[in-house]
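What follows is one structure encoded as structure tokens, with my remarks underneath.
Residue numbers (this note's numbering): 4 to 75.
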């Protein structure tokens, strides 16, 4: 059960797969994951964790609430 805060890209991908996303697939500048008709861009790999603000934006685009995220 991840807490809402900085997280790794690997943890983000694992949790998105749990809620039905497939991928990641190669895109133009960023990889993306797909669920039904929704195409969600994910951050490129880098040394630092994904910050709280970026995580909130990604979850909002994915249609996942903070409480759903913490229940994964």
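C-beta atoms are modelled at their ideal positions from N, C-alpha and C, and glycine is treated no differently.
No experiment lies behind these values; they were computed from the predicted model shown.
- Apart from the 5 residues on each side of it in sequence, residue 9 sits with its Cβ closer than 7 Å to the Cβ of 52, 53, 54, 55 in its chain, given in chain order.
- Within the same chain, Cβ atoms closer than 7 Å to the Cβ of residue 35 are found at 26, 27, 28, 42, 43, 44, 45, the five residues on either side in sequence being excluded.
- Sequence-distant partners of residue 67 (beyond 5 residues in either direction) whose C-beta falls short of 7 Å from its own C-beta, in its chain, are 22.
- By the neighbour-count criterion, in which a residue is buried when 16 or more other Cβ atoms sit within 10 angstroms of its Cβ, residue 15 is buried.
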